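By the numbering used here, the letter at position 101 of the sequence shown is numbered 111, and the numbering carries on one by one without gaps.
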Amino acid sequence: MTTNFTTADLIDDHGDTLRSCSTQFRQYGGHEVFSGPIRTVRCHEDNGLVKQVLNSPGEGAVLVVDGNGSPRSALMGDLIAGAAVRNGWAGVVVNGAVRDTVALGQLELGVKALGSNPRKSLKDAAGRQDVPVTFGDVTFVPGEWLYSDHDGIVVNVTEL
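Rendered as structure tokens:
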């Protein structure tokens, strides 16, 4: 995981080859700067698939979870995030809500989400894994690279 970058400098250096996510996320994880190859989950108010994926080897990847922007239930909390740390994930970006935010801030993991909600989600594992997902004017394609810092998220086809 590369952490010696700023997304603003990446945009300045690479211009329109990078895609900049317009969604305004909040930082929740202990790592505020993170990057890695993209993996994805598309789900709606059901974190069963998120849990399955983050309980598998991450190898420095960033999981992008498209929860359709729903704030009604959390798609990740401290237990699932702890599994992500143990399994070598660099970060998780949730287009939806998380919970256990104080505990998330203590973990060595990048976490961005729209907000928080203490309500648990469904656990049916409904959704799709490793498919392109789109939000914030960006399509996140598995295998491409995500870079995240205080200013936002940028995506490139390859590692920079």
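Yeah, the Cβ is synthetic: ideal placement off N, Cα and C, and Gly gets one too.
A quick note: this is a predicted structure, and the numbers were derived from the prediction, not measured.
With contacts defined by Cβ atoms closer than 8 Å, Lys133 and Phe35 do not form a contacting pair. Only exposed fits Leu89, as fewer than 16 other CB atoms lie within 10 angstroms of its CB.
Scanning Gly77, Asn105, Gly98 for the CA closest to the CA of Ala136 turns up Gly77. Per DSSP, Thr17 is one residue of the alpha helix (DSSP H) stretching across 17-24.
As far as DSSP is concerned, Tyr38 takes part in no beta bridge. Under a 10 Å Cβ-count criterion, Lys61 is classified as buried, with 16 or more other Cβ atoms of the shown protein chains found around its own Cβ. In the three-state reduction of the DSSP assignment, Ala91 falls in the helix class, which pools H, G and I.
In the DSSP assignment, Gly115 falls outside any alpha helix (DSSP H) and carries neither an H nor an E. In the three-state reduction of the DSSP assignment, Leu73 falls in the strand class, which pools E and B.
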